[in-house]
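Numbering (the numbering used here), first residue to last: 1 to 317.
Heads up, the beta-carbon is just placed ideally off N, CA and C, and yes, glycines get one too.
What follows is a single structure, written as structure tokens, with notes after it.
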């Protein structure tokens, strides 16, 4: 019944048209025996429901006969696959096996992370809070150290002026108006300025003859690879040499020469090391120190007497 109604409706609409097939967005003539008889090409307005001109939902045939007109409608070919109308708009993206594995790895990692967070939520919260507190404490300590360093530099001004003037004891002791070097070193010792005050105090104690305290301050001074660090090692070495520990003095003089290589100070420290080693009876190390002067600092003043000293050591060896 339904098929009969469709035929009648189509017959009324296409009664005067020759044979055509609706394809894509244009009408294409359908080659048939009736078309050869009529030889007519009449455009058919409208669009098919399928893209690309493929066979699909409905084919309309207008059959024009000599003795009348009739219209027939046929069903789609069941062997022809029905395409996805969105396939041309959203083509399927090809995903490589490597991409799939990478995506699986990311998803697995994310899932495990969520699982760990869920099962150890309290531990994670405490850990994050601990990190935040540690960062805040570090920032507070750094800010406090900066302020204390500025205070130490301000306190050192008068003491350093007395030190440079040769008033060693006054620089060490200070007075009612300013702190002495030893007090600054003890109160601000964790700052850079307090560490420098420790070196000044050690040298001032050495010059005043207080060797034990001078050795203590030289030893507690935080040494770097610079001129002052080398001088601190040399100060320790000089005290050990005065106290009769020549081998220890030789080692410290060698460290002073190597921690800060200089054409001015290093040859002098190497020469002092050779002297201390010689007094300790350590001839081999004394020869090594002198040979280092000849090889690395041949233009230095100490290099002029190296050959004579080497000859003496080799003669006694």
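Inter-residue CB distance, residue i and residue j (contact presumed, cutoff 8 Å)
i: residue 215; j: residue 197; result: Wrong, their Cβ atoms sit about 17 Å apart, outside the cutoff.
i: residue 202; j: residue 178; result: Rounded, the Cβ-Cβ distance is 19 Å, inconsistent with contact.
i: residue 306; j: residue 315; result: Not really, about 15 Å apart at Cβ, beyond 8 Å.
i: residue 303; j: residue 259; result: With 8 Å as the limit, residue 303 and residue 259 do not qualify as a contact, their Cβ atoms being about 21 Å apart.
i: residue 148; j: residue 188; result: 6 Å
Nearest-angstrom Cα separation, counted from residue j out to residue i
i: residue 225; j: residue 115; result: 50 Å
i: residue 138; j: residue 192; result: 17 Å
i: residue 109; j: residue 153; result: 54 Å
i: residue 58; j: residue 118; result: Note that residue 58 scores a pLDDT of 38, beneath 50, so its modelled location is shaky; the value from the coordinates is reported in the next line. When rounded, the distance between both Cα atoms is 58 Å.
i: residue 207; j: residue 271; result: 22 Å
i: residue 175; j: residue 141; result: 30 Å
i: residue 285; j: residue 144; result: 47 Å
i: residue 213; j: residue 185; result: 13 Å
i: residue 183; j: residue 263; result: 35 Å
i: residue 380; j: residue 251; result: No answer is possible for residue 380: the residues shown for the chain start at 1 and end at 317.
i: residue 301; j: residue 312; result: 19 Å
i: residue 299; j: residue 287; result: 18 Å
i: residue 133; j: residue 151; result: 27 Å
i: residue 112; j: residue 135; result: 28 Å
i: residue 166; j: residue 209; result: 14 Å
i: residue 105; j: residue 223; result: 50 Å
i: residue 121; j: residue 107; result: 20 Å
Neighbourhood of residue i by C-beta, 7 Å cutoff - its chain only, sequence neighbours within 5 removed
i: residue 228; result: 199
i: residue 253; result: 234, 237, 269, 272, 273, 276
i: residue 124; result: 117
i: residue 156; result: 184, 193, 197
i: residue 297; result: 263, 266, 267, 303
Spatial neighbours of residue i in its chain, beta-carbon cut-off 6 Å, leaving aside the 5 residues before and after
i: residue 211; result: 239
i: residue 266; result: 257
i: residue 292; result: 270
i: residue 255; result: 233
i: residue 309; result: 290
Check whether residue i and residue j have beta carbons under 8 Å apart
i: residue 195; j: residue 163; result: no
i: residue 277; j: residue 289; result: yes
i: residue 204; j: residue 218; result: no
Contact set for residue i: own chain, Cβ-Cβ below 8 Å, skip 5 residues either direction
i: residue 190; result: 145, 148
Below 8 Å, can you find three or more Cβ-Cβ pairs linking the segment 269-288 to the segment 240-247? yes
Taking three-plus beta-carbon pairs below 8 Å as touching, is the segment 158-173 in contact with the segment 118-129? no
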